[in-house]
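The opening position of the sequence shown corresponds to residue 66 in this note's numbering, with each subsequent residue numbered one higher.
Backbone N, C-alpha and C define an ideal beta-carbon position, used for all residues, glycine too.
To start, the structure under review is shown below, and the notes come after it.
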Amino acid sequence: MAAERVLVPLSDTVTVRQTVGYAVQSCPGEAETLEFHLVVALPHDMEMPEGQSLTEDAEQLLSKAESWVREDASSTATTIDIETAVLGEEEYLFGPRDYARTFDTYAAAHDIDRLVLDPEYQPGTTAQMLQPLERELESVGLAYDEAPVDRPARHERLVSDGAERFDKMFAMFWISYGFYLVLGDPTYWFDLVTGAAVAGIVSVSLAHVTFSFPLDRLGSPIRTLRFGLYVPYLIVEIVKANLAISVVILRPSMPIAPTMTRVNARVRSGLPLLALANSITLTPGTLTVRADDQRLLIHTLIPSAREDLFEGSLERAVRFVFHGRKGTRIPTPEERGDTEIIGGDEL
Numbered sequence: 066m067a068a069e070r071v072l073v074p075l076s077d078t079v080t081v082r083q084t085v086g087y088a089v090q091s092c093p094g095e096a097e098t099l100e101f102h103l104v105v106a107l108p109h110d111m112e113m114p115e116g117q118s119l120t121e122d123a124e125q126l127l128s129k130a131e132s133w134v135r136e137d138a139s140s141t142a143t144t145i146d147i148e149t150a151v152l153g154e155e156e157y158l159f160g161p162r163d164y165a166r167t168f169d170t171y172a173a174a175h176d177i178d179r180l181v182l183d184p185e186y187q188p189g190t191t192a193q194m195l196q197p198l199e200r201e202l203e204s205v206g207l208a209y210d211e212a213p214v215d216r217p218a219r220h221e222r223l224v225s226d227g228a229e230r231f232d233k234m235f236a237m238f239w240i241s242y243g244f245y246l247v248l249g250d251p252t253y254w255f256d257l258v259t260g261a262a263v264a265g266i267v268s269v270s271l272a273h274v275t276f277s278f279p280l281d282r283l284g285s286p287i288r289t290l291r292f293g294l295y296v297p298y299l300i301v302e303i304v305k306a307n308l309a310i311s312v313v314i315l316r317p318s319m320p321i322a323p324t325m326t327r328v329n330a331r332v333r334s335g336l337p338l339l340a341l342a343n344s345i346t347l348t349p350g351t352l353t354v355r356a357d358d359q360r361l362l363i364h365t366l367i368p369s370a371r372e373d374l375f376e377g378s379l380e381r382a383v384r385f386v387f388h389g390r391k392g393t394r395i396p397t398p399e400e401r402g403d404t405e406i407i408g409g410d411e412l
């Protein structure tokens, strides 16, 4: 065998070092040359404010992984070639399907023999995604080899699961209750009672979905303060949208233009996406029909509502909550080419 080409996607996990070691040790001894392709796939593109820090982290991880390969292969007489790359710089990777296609494209371009996958692979997303990625790799026909690593014991996490579930439900309850009271009348006993009942149902059924990561990652004090600034902003947007819809309804010609649009939002899935999707739905004239990763399918009733959506004011406001002021310095969805009209009266 002249050469063995191995692709190893990297992410900052507790098993990444073992995965790199397995990729080296499992190579056939008869190969004259071992060619390792170490790649990091970014979940954001370089136009985003957080793109620079993600790229720096990726380059540091690639540098460490390159050292690991040379260390593990130092005892062999085989020639070692190492290629490193950061993937996703010119596109926006949404979910497992996009990652699988990116790896498949890279593998085809470099004549890769096999892909070694870290069982804890987690490319900057809010939740561990190995199983869906495995399915997508199989669907694109890219063979992979999951590294048989020793995962660290998680006794502490198991002990704290009950308390963590309670924390998520508690947080979800008060978030839901707060939204309910903002839209209702907090001085009316009926709204207080029904709000508590609805918030309880939401917290029990959706807390584990909404918070797919520990709450200590939320940066609570500052982020809570920014969320407090976001609520009155959202109320103003709701009032403005109500007035716009009222004007349209009161006009005899009823100039409505129901349209289905797709927007690729630059927010992460999980709580940020939930906040954006619900904010869009709460604003009269727009309704979030489906949220798939960061892809939002939205129904707009009037042209001005669609224009506001394409300008991305709510998206920037949500990014402000989770990323601060630097998170708002992004082009609008329309400027990015992240909008598409897929159905409606204007087609």
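For residue i, the first and last residue of its enclosing alpha helix (DSSP H)
i	result
alanine 150	Alanine 150 -> not in any alpha helix (DSSP H); beta strand (DSSP E) instead, spanning 144–152.
tyrosine 253	Note, tyrosine 253: premise wrong, no alpha helix (DSSP H); not H, not E.
leucine 362	Unbroken run through leucine 362 is the beta strand (DSSP E), 360–365; no alpha helix (DSSP H).
threonine 393	No alpha helix (DSSP H) contains threonine 393, which DSSP labels as neither H nor E.
arginine 331	Looking at the DSSP string, arginine 331 is not in any alpha helix (DSSP H), and its letter there is neither H nor E.
valine 89	81–90
tyrosine 186	Per DSSP, tyrosine 186 belongs to no alpha helix (DSSP H) and is neither H nor E.
proline 368	368–376
alanine 165	161–174
From the options, residue whose alpha carbon lies closest to that of residue i
i	options	result
glutamate 124	Ala261, Val263, Arg162, Pro74	Pro74
alanine 481	Leu126, Arg331, Met325	Since the first residue shown for the chain is 66 and the last is 412, residue 481 is missing from the structure and cannot be characterised.
glycine 86	Glu211, Leu294, Arg327, Tyr164	Glu211
glycine 9	Glu400, Val386, Leu366	In the structure as shown, the chain begins at 66 and stops at 412. Residue 9 is therefore absent and cannot be evaluated.
glutamate 380	Asp250, Leu361, Ile240	Leu361
aspartate 183	Glu201, Val214, Arg162, Phe168	Val214
glutamine 90	Val71, Thr353, Thr259, Ala264	Val71
arginine 162	Asp357, Leu352, Ile240	Asp357
valine 386	Arg291, Arg355, Arg327, Leu308	Arg291
isoleucine 395	Ser128, Phe375, Trp239, Ile145	Phe375
arginine 135	Ala172, Tyr186, Leu99	Leu99
glutamate 372	Glu148, Thr252, Val263, Ile406	Ile406
glycine 206	Thr170, His175, His388	Thr170
serine 76	Thr353, Leu103, Ala88	Leu103
arginine 82	Lys129, Val354, Thr120	Lys129
lysine 233	Leu246, Ala264, Trp254	Ala264
Simplified DSSP assignment, three categories, for residue i
i	result
arginine 179	strand
arginine 316	coil
threonine 259	helix
valine 105	strand
valine 73	strand
tyrosine 209	strand
leucine 308	helix
threonine 98	strand
glutamate 405	strand
threonine 326	strand
alanine 68	strand
leucine 198	helix
aspartate 137	helix
proline 93	coil
isoleucine 321	coil
threonine 348	coil
Neighbour-count burial assignment, residue i, 16 or more Cβ in a 10 Å radius
i	result
serine 118	exposed
phenylalanine 101	buried
proline 188	buried
isoleucine 345	buried
serine 268	buried
glutamate 97	exposed
aspartate 403	buried
isoleucine 314	exposed
threonine 289	exposed
phenylalanine 235	exposed
glycine 408	exposed
serine 241	buried
The beta strand (DSSP E) enclosing residue i, as first and last residue numbers
i	result
alanine 356	351–357
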